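Residue numbers (the working numbering): 19 to 347.
Structure follows, in structure tokens:
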């Protein structure tokens with residue numbers, strides 16, 4: 019199928035805020051993929067085209083307060099309520115189409131929260147959720163699994179993405195190191211007072227470091243099949259495993275020798291070639307969708323998914339082949 023160019027899409031929230039995105043259509047849709055992102059919907063054309071080529075309409079939407087969407091940007095604040103309202107509108111616009119929620123990093127959080135919001139509203143059913151290297155919540159991004167603060171990483175993300183409508187230029191390595199040293203010396207909250215941030219940004223920075231971890235099993239008891247793609251070297255890997263392991267419906271966990279950049283992190287050209295020959299991550303997604311009666315290309319290994327609550331696919335770096343197992347991550 020040849021995807022069309024996107025059209026403008028607008029969702030009006032109950033408070034009058036307009037959330038804007040780009041809607042990619044295909045001729046005979048088998049479903050609708052929704053991606054809600056703080057990273058500029060217009061930068062996700064390749065992802066939208068790949069879904070359209072699979073036979074899905076695809077909406078890529080800027081979350082509240084980011085890029086072309088209205089409202090004020092407060093990270094990890096509005097995605098449940100906004101996401102539920104967006105899905106309700108899409109259900110009216112495209113009745114009968116299965117909805118698949120998809121997202122990476124913060125957009126994975128937005129996908130999970132939209133599923134939760136839809137469940138509370140009860141007017142639309144989500145068919146599946148796919149999350150990649152999920153940044154699940156405030157505390158999950160602030161602290162690693164051992165309780166060590168991820169100060170350098172959080173300073174970099176909040177400077178670039180956490181404070182303003184559009185992304186800011188990243189800090190130089192020297193400036194990031196200087197601010198990290200300040201945080202180590204003065205405390206992570208007090209140090210930020212010297213960085214030129216607005217009172218609102220400072221309040222949100224304080225909120226980040228005061229947050230508590232999410233009870234994932236209680237929060238996401240949704241009865242929806244889940245695909246989690248992580249990476250052995252991703253700084254959120256332990257929480258991704260926790261999400262898949264505690265999910266109360268069927269979950270499938272995918273991992274391999276990469277970090278937050280997924281396959282783009284594979285530097286070894288020979289391993290990268292073997293990974294592509296094995297179908298890459300796209301092949302896993304296709305087969306998983308097919309196994310859950312959604313549009314995708316079936317594969318023999320998906321028998322592993324049947325009658326097992328938690329399953330796993332692991333890319334073996336020794337031979338670049340996938341290992342598929344009935345086991346929790």
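Note that beta-carbon positions come from the ideal geometry of N, C-alpha and C, so glycine has one too. All figures in this text were calculated on a predicted structure; none of them were measured in a lab.
Where residue 202 is concerned, the enclosing alpha helix (DSSP H) starts and stops at 191-204.
Residue 207 and residue 223 do touch by the CB rule: their CB atoms are close to 7 Å apart, below 8 Å. Per the Cβ contact rule, the region 162-172 is not in contact with the region 121-141 (fewer than 3 Cβ pairs under 8 Å). Apart from the 5 residues on each side of it in sequence, residue 160 sits with its Cβ closer than 7 Å to the Cβ of 167, 168, 172, 226, 227 and 229 in its chain, given in chain order. Bounds of the beta strand (DSSP E) holding residue 40 are 36-42. Cβ contact annotation for residue 49 (same chain, cutoff 8 Å, sequence separation greater than five): 73, 74, 75, 115, 116, 117, 118, 145, 312 and 313, in chain order. Per the C-alpha coordinates, the member of 185, 42, 300 and 29 positioned closest to residue 105 is 29. Under the DSSP definition of a beta bridge, residue 146 partners with 118. For residue 218, the enclosing alpha helix (DSSP H) begins and ends at 217-228. DSSP, read as helix, strand or coil, puts residue 271 in strand. Judged by pairs of C-beta atoms under 8 Å, the region 36-47 touches the region 76-93, as three or more such pairs exist.
Judged by DSSP secondary structure, residue 296 falls outside any beta strand (DSSP E); it is assigned neither H nor E.
Going by DSSP, residue 338 is part of no alpha helix (DSSP H) at all; its letter is neither H nor E. Counting the other Cβ atoms within 10 Å of the Cβ of residue 330 gives 16 or more, which makes it buried. When DSSP states are grouped into helix, strand and coil, residue 113 belongs to the coil group.
By the Cβ test, the region 233-241 is in contact with the region 259-267, since at least three Cβ pairs between them sit closer than 8 Å. According to the DSSP assignment, residue 26 belongs to no alpha helix (DSSP H) but to the beta strand (DSSP E) extending over 25-30. Taken atom to atom, the span from the alpha-carbon of residue 283 to that of residue 292 is near 14 Å. In this structure residue 200 is in contact with residue 209, their Cβ atoms being roughly 4 Å apart against a cut-off of 8 Å. Rounded to whole angstroms, the gap between the alpha carbons of residue 290 and residue 300 is 14 Å.
Contact between residue 41 and residue 24 holds, with the beta-carbon distance rounding to 6 Å and staying under 8 Å. With contacts defined as CB atoms closer than 9 Å, residue 79 and residue 53 qualify as a contacting pair.
About 6 Å separates the CB atoms of residue 249 and residue 273; that is less than 8 Å, so the two are in contact.
Judged by beta-carbon spacing, residue 341 lies within the 9 Å limit of residue 333, meaning their Cβ atoms are closer than that value. Residue 98 is classed as buried because its beta carbon has at least 16 other beta carbons within 10 Å across all chains shown. Nearest in C-alpha terms to residue 253, of all of 294, 153, 242 and 322, is 153. Rounded to whole angstroms, the separation of the alpha carbons of residue 176 and residue 193 is 14 Å. When the beta-carbon positions are compared, residue 83 and residue 183 come within less than 9 Å of each other. Secondary structure of residue 284 (DSSP, three-state): coil. Annotation for residue 316: 308 place their beta carbon closer than 6 Å to its own, counting only its chain and skipping 5 residues before and after. Secondary structure note for residue 331: its beta strand (DSSP E) is the uninterrupted segment 328-334.
Here residue 259 carries a helix assignment [DSSP, helix/strand/coil].
Secondary structure of residue 244 (DSSP, three-state): strand. Taking 9 Å as the cut-off, the beta carbon of residue 121 is found closer than this to the beta carbon of residue 148. According to the DSSP assignment, residue 75 belongs to the beta strand (DSSP E) that extends over 74-80.
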